[in-house]
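Q: Sharing a structure with you now.
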Amino acid sequence: MNSRMKNRKQLGILGVNLLAWILSLLLLAPLLLILVNSLKTSKEASYMSLALTADPQWSNYTTVIEKGKLYTTFLNSLIYSFSSVLLCTLLSSMAAYVMSRNNRKLHGFLYIFIVLGIAMPINFVTLMRVMQFTRLMNKRIGIVLLYTATQIPFNVFLIHSFVGKIPAEIDEAATIDGAAPMGLFLRVVLPLLKPVLVTVMVLTFLNTWNEFVMPLYFLDHSSKWPMTLAVYNFFGMYFKDWNLVCADIVLTSAPVILVYLIGQKYIVAGMTAGAIKG
Amino acid sequence: MNKNRMYPTYFIFGALLLYVVLYVLPSVMGLGYSFTDWSEYSREISYVGLDNFKTVFSSNYNYLRILMNTLRFTVVTTIAKNVIGLLLAVLLTKKVRLLNFHRAVMYMPCVLSALIVGMIFKSIMDPKVGLLNTALRAVGLDGLAQKWIYDSKLAFPSVMAVDIWKGMGYIMTILIAGIMSISPVYYEAAAIDGGNAWQCFRHITLPLLVPTLTVTTVLNVIYGLKVFDTVYALTNGGPGFATEVLYTGVYKEFSKGRYAVGTTLSTIMTLVMLVVGYFMIKHMVKGGGDQA
């Protein structure tokens, strides 16, 4: 009896492990497919199979960097991501900090007003009007400001709940020591917000890097396009050369995969914050 | 100590300005413009009353279908992601080897651009050389090899399947955190009473996960109604209007210069989202956020 139960338990463990592997492979296979085919010749890649190639074509990558103008688009993506990350983190944390600390009715209202933006859809049609009016249309700075604006609600939400956990006595002590509001925020509060700020920065980076809808609507010239939009356009032009398309996909995704592997802990923290009552 | 001096309101201005001008203002303007005949082709804009809304809700056009598609997409993906996400979460809170590896892999599609995921699956679902049909034929299931995104009946389920594939890891991650926050005391008590795995799940895990599942549902609904990237990359609304959703519809109206109808569709979405947003605020902001 005892050994039968033990056997059953072991069978259960085996089954659970097997299931986990099958599911993981189901998620990995499409990604491996891209990696494998990025090294094939155009002819081999026309059958998009998982078979490995005997003769890896590393030159696909240099070809695609040249043909896909990846230097320019990589630089664009870098500019959009880094500027949005810095601007959005700074503005969101300043706003969230004051709205959390200064608990007047107005601040509570403004907080709800901003956080409602997590759900609110963007009206791209009228946004074009606003972009024309503010002279931000077809400009890189316009795209940066758009990315900042659209990510303020979620970031404010994340930071706001974190500020609440930092005792306000620290602020009072610093103020008694003569710190002005901006000095207090930059030198005392901001360092304490570091964990949540890393989460905010990682998430903002991933979102911005992956986004392509804003440039699709509001950038007319391909010289300003980010990598995502460029890879899609490349795909339209070279749809017969899947090997090159795959190489482009690998290069476009490499930064987010890298950031994911390094910052996984922070991403999960951000994703689960607010969803779990704790 | 004077809070207004220590925490000056102007700290909020930068964020508020960008949010109001680039986010809120277009929505408010959108409501106004949806009562006009605004288009690329005429400089003059005149008031047309409810005409645009009549157009959208009339059976003579495809807009009603677009709205229904969006709703269908939202309902199906929300339910599927919650159910699959829950199963994955339960599986990956058990004693599985390489637990963190499996969790990391399942979450991975979420960090990829939806546009790229769309492109990848466009290849996989290719009727002739795609991996999916090749695999089906290899195991002798030729009958199941379909035209997937090119088939007017299968296109929408295929698009939804891709979206579920991409998004289930996100829900799983949130639910894993939810399961881990359940006190082990309950399970110990159940073990003493001789409860089996199913009973533990049914009477402990599931009821205690309801608040978390509410949040994942709200998040999924918000995402589903606004979906654009995956659909745009896979089918761009086709074949015909089979996979057209609200945001791909808006983009088409925008490209064709029919701004009034585009903004009307957006306005309808805004009004729906105000209701969804109310629930979101109720559950996320007032419930979890401040204590989390």
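From first to last, the protein sequence lines are chains A and B. Quick note on numbering: the working numbering labels position 197 of the first sequence as 1650, and the sequence is numbered without any gaps. Quick note on numbering: the working numbering labels position 269 of the second sequence as 302, and the sequence is numbered without any gaps. Ideal Cβ placement from N, Cα and C applies to all residues, glycine included. Since the structure is predicted, the reported quantities are computational estimates derived from the model, not experimental observations.
1) Pick helix, strand or coil for B/Tyr80, following the three-state DSSP scheme.
2) Which residues in the same chain as B/Ser60 place their Cβ atom closer than 7 Å to its Cβ, once the five residues preceding and following it in sequence are excluded?
3) For the alpha helix (DSSP H) holding A/Asp1624, just list the boundary residues, first then last.
4) Between the C-alpha atoms of B/Asn93 and B/Lys87, what's the straight-line distance to the nearest angstrom?
5) How should B/Ile212 be labelled, buried or exposed, when 16 other C-beta atoms within 10 angstroms of its C-beta is the threshold for buried?
6) Are B/Thr276 and B/Val264 close, meaning C-beta to C-beta below 8 Å?
7) Can you grab the Cα-Cα spacing for the pair A/Val1721 / A/Asn1660, in whole Å?
8) For chain B, find out if any of its Cβ atoms is closer than 8 Å to the Cβ of A/Ala1700; answer yes or no.
9) Determine the closest residue to A/Lys1493 out of A/Ser1536, A/Trp1695, A/Lys1677, A/Ser1477, with distance taken between C-alpha atoms.
10) Find the residues of chain B that neighbour A/Ile1619, judging by a C-beta separation of less than 8 Å, and give them in chain order.
11) Suppose the cutoff is 8 Å on Cβ atoms and the five residues either side in sequence are ignored; what does the same chain contact list for B/Pro160 look like?
12) Helix, strand or coil: how does DSSP classify A/Thr1494 here?
13) Which one of B/Gly273, B/Lys259, B/Pro41 has the shortest CA to CA distance from A/Asn1555?
14) For B/Lys36, return the contacting residues in chain A, with the cut-off set at a CB-CB distance below 8 Å.
15) Return yes when the Cβ of A/Ser1502 is within less than 8 Å of the Cβ of B/Leu164, no when it is not.
16) If distances are taken between C-alpha atoms only, which option among A/Pro1708, A/Val1568, A/Leu1480 comes closest to B/Met141?
17) Which residue's Cα is closest to the Cα of B/Tyr203: A/Ser1537, A/Ala1726, A/Tyr1691?
18) Which word fits A/Ala1707, buried or exposed, when buried means at least 16 other C-beta atoms lie within 10 angstroms of its C-beta?
19) Does any CB atom of chain B fall closer than 8 Å to the CB of A/Phe1671?
20) Output the boundary residues of the alpha helix (DSSP H) element that contains A/Gly1561.
21) List the endpoints of the continuous alpha helix (DSSP H) containing B/Pro142.
22) Could you tell me whether the Cβ atoms of B/Ile45 and A/Leu1563 are closer together than 8 Å?
23) Leaving out the 5 sequence neighbours to the left and right, which residues in its chain are closer than 8 Å to A/Asn1663 when beta-carbon positions are compared?
24) Along the stretch 1620-1635 of chain A, where does the CB come closer than 7 Å to a CB of chain B? Name the residues.
25) Express the C-alpha separation of A/Pro1509 and B/Asn133 in angstroms, rounding to a whole number.
26) Would you grab the beta carbon distance between A/Tyr1533 and A/Ile1596 for me? Rounded to a whole angstrom, and I think it's under 8 Å.
27) For the alpha helix (DSSP H) holding A/Lys1647, just list the boundary residues, first then last.
28) Could you give the distance in angstroms between the alpha-carbon of B/Phe106 and the alpha-carbon of B/Asn85?
29) Indicate whether at least one CB of chain B lies closer than 8 Å to the CB of A/Pro1426.
30) Is the separation between the beta-carbon of A/Val1578 and that of B/Gly295 shorter than 8 Å?
31) Given a cut-off of 8 Å on the beta-carbon distance, is the pair B/Val144 and B/Ile301 in contact?
32) When you compare the CB of A/Ile1596 with every CB in chain B, is at least one pair closer than 8 Å?
33) Using the rule of at least 16 other Cβ atoms within 10 Å of the residue's Cβ for burial, across every protein chain shown, is B/Leu121 buried or exposed?
34) Which class does B/Thr69 belong to by DSSP, given the choice of helix, strand or coil?
35) Apart from the five residues just before and just after A/Cys1541, which ones in its own chain have a Cβ nearer than 8 Å to its Cβ?
36) Which two residues bound the contiguous alpha helix (DSSP H) that contains A/Asp1701?
A: Result, derived from the coordinates:
1) As a working note, residue 80 of chain B is residue 47 in the second sequence. Reduced to three states, the DSSP call for B/Tyr80 is strand.
2) For the purposes of this step, residue 60 of chain B is taken as the residue at position 27 of the second sequence. Excluding sequence neighbours, B/Ser60 sits near Thr303.
3) Position 171 of the first sequence, counted from the start, is the residue given in the question as residue 1624 of chain A. Note, A/Asp1624: alpha helix (DSSP H), 1622-1629.
4) Residue mapping note: residue 93 of chain B aligns to position 60 of the second sequence, counting from 1. Residue mapping note: residue 87 of chain B aligns to position 54 of the second sequence, counting from 1. If you take the alpha carbons of B/Asn93 and B/Lys87, they lie about 10 Å apart.
5) Along the second sequence, read from residue 1 onward, the residue named residue 212 of chain B stands at position 179. So B/Ile212 counts as buried.
6) In the second sequence, counting from the first residue as 1, residue 276 of chain B sits at position 243. In the second sequence, counting from the first residue as 1, residue 264 of chain B sits at position 231. The answer is yes: Cβ separation under 8 Å.
7) Your numbering for residue 1721 of chain A matches position 268 in the first sequence. Your numbering for residue 1660 of chain A matches position 207 in the first sequence. Rounded to the nearest whole angstrom, the C-alpha separation of A/Val1721 and A/Asn1660 is 14 Å.
8) Walking along the first sequence from the start, residue 1700 of chain A turns up at place 247. Judged by the 8 Å Cβ criterion, A/Ala1700 is not in contact with chain B.
9) The sequence position of residue 1493 of chain A within the first sequence is 40, counting from 1. For the residues A/Ser1536, A/Trp1695, A/Lys1677, A/Ser1477, the minimum Cα distance to A/Lys1493 belongs to A/Trp1695.
10) On the first sequence, residue 1619 of chain A is found 166 positions in, with the first residue counted as 1. Those within 8 Å of A/Ile1619 in chain B number zero; the least Cβ separation is about 13 Å.
11) Numbered from 1 along the second sequence, position 127 holds the residue referred to as residue 160 of chain B. Once the five neighbours on either side are set aside, the close Cβ partners of B/Pro160 are Asn166, Ala178, Gln179, Lys180, Trp181, Tyr183.
12) If you number the first sequence from 1, residue 1494 of chain A lands on position 41. In the structure shown, A/Thr1494 sits in coil (DSSP, three-state: anything other than H, G, I, E or B).
13) Position 102 of the first sequence, counting from 1, holds the residue named residue 1555 of chain A. Considering only alpha carbons, the answer is B/Pro41.
14) Numbered from 1 along the second sequence, position 3 holds the residue referred to as residue 36 of chain B. Within 8 Å Cβ-Cβ: Arg1554, Asn1555, Asn1556, Arg1557.
15) Looking up residue 164 of chain B in the second sequence gives position 131. Looking up residue 1502 of chain A in the first sequence gives position 49. Yes. Within cutoff.
16) Working through the second sequence from its first residue, we reach residue 141 of chain B at position 108. With distances taken between Cα atoms, B/Met141 lies closest to A/Leu1480.
17) Against the second sequence, residue 203 of chain B aligns to sequence position 170. When only C-alpha atoms are compared, the closest one is A/Ala1726.
18) On the first sequence, residue 1707 of chain A is found 254 positions in, with the first residue counted as 1. With fewer than 16 Cβ atoms within 10 Å of its Cβ, A/Ala1707 is classed as exposed.
19) Residue numbering aside, residue 1671 of chain A sits at position 218 when the first sequence is read from its first letter. By this cut-off, A/Phe1671 is not an interface position.
20) Here residue 1561 of chain A is taken as the residue at index 108 of the first sequence, counted from 1. Where A/Gly1561 is concerned, the enclosing alpha helix (DSSP H) stretches over 1558-1568.
21) Taking the second sequence and counting its residues from 1, the one referred to as residue 142 of chain B is at position 109. Here the alpha helix (DSSP H) through B/Pro142 covers 132-144.
22) Here the question's residue 45 of chain B lines up with position 12 in the second sequence. Here the question's residue 1563 of chain A lines up with position 110 in the first sequence. Going by C-beta atoms, B/Ile45 is nearer than 8 Å to A/Leu1563.
23) To locate residue 1663 of chain A, count along the first sequence from 1; it is residue 210. Once the five neighbours on either side are set aside, the close Cβ partners of A/Asn1663 are Thr1681, Val1709.
24) Asp1624, Glu1625, Thr1628, Pro1634
25) Position 100 of the second sequence holds residue 133 of chain B. Position 56 of the first sequence holds residue 1509 of chain A. Going by the C-alpha atoms only, they are around 31 Å apart.
26) Residue mapping note: residue 1533 of chain A aligns to position 80 of the first sequence, counting from 1. Residue mapping note: residue 1596 of chain A aligns to position 143 of the first sequence, counting from 1. About 6 Å; that satisfies the 8 Å criterion.
27) Reading the first sequence from its first residue, position 194 is the one you call residue 1647 of chain A. A/Lys1647 -> alpha helix (DSSP H) spans 1647-1663.
28) For the purposes of this step, residue 106 of chain B is taken as residue 73 along the second sequence, with counting starting at 1. For the purposes of this step, residue 85 of chain B is taken as residue 52 along the second sequence, with counting starting at 1. Distance between the alpha carbons of B/Phe106 and B/Asn85 is about 24 Å.
29) Because chain A in this structure spans residues 1454 to 1731, residue 1426 of chain A falls outside the shown range and cannot be described.
30) Counting from one through the first sequence, the residue named residue 1578 of chain A turns up at place 125. Counting from one through the second sequence, the residue named residue 295 of chain B turns up at place 262. Cβ atoms of A/Val1578 and B/Gly295: closer than 8 Å.
31) On the second sequence, residue 144 of chain B is found 111 positions in, with the first residue counted as 1. On the second sequence, residue 301 of chain B is found 268 positions in, with the first residue counted as 1. Contact: no.
32) Position 143 of the first sequence, counted from the first residue, corresponds to residue 1596 of chain A. Judged by the 8 Å Cβ criterion, A/Ile1596 is not in contact with chain B.
33) Residue 121 of chain B sits at position 88 when you count from the first residue of the second sequence. Buried: at least 16 other Cβ atoms inside 10 Å.
34) Mapped onto the second sequence, residue 69 of chain B falls at position 36. B/Thr69 falls in the strand class under three-state DSSP.
35) Translated into the one-based positions of the first sequence, residue 1541 of chain A becomes position 88. Closer than 8 Å at the Cβ level, and outside the excluded window around A/Cys1541, lie Tyr1600, Thr1601, Gln1604, Ile1605, Asn1608, Val1653, Thr1657.
36) Counting from 1 along the first sequence, the entry for residue 1701 of chain A is found at position 248. Note, A/Asp1701: alpha helix (DSSP H), 1695-1725.
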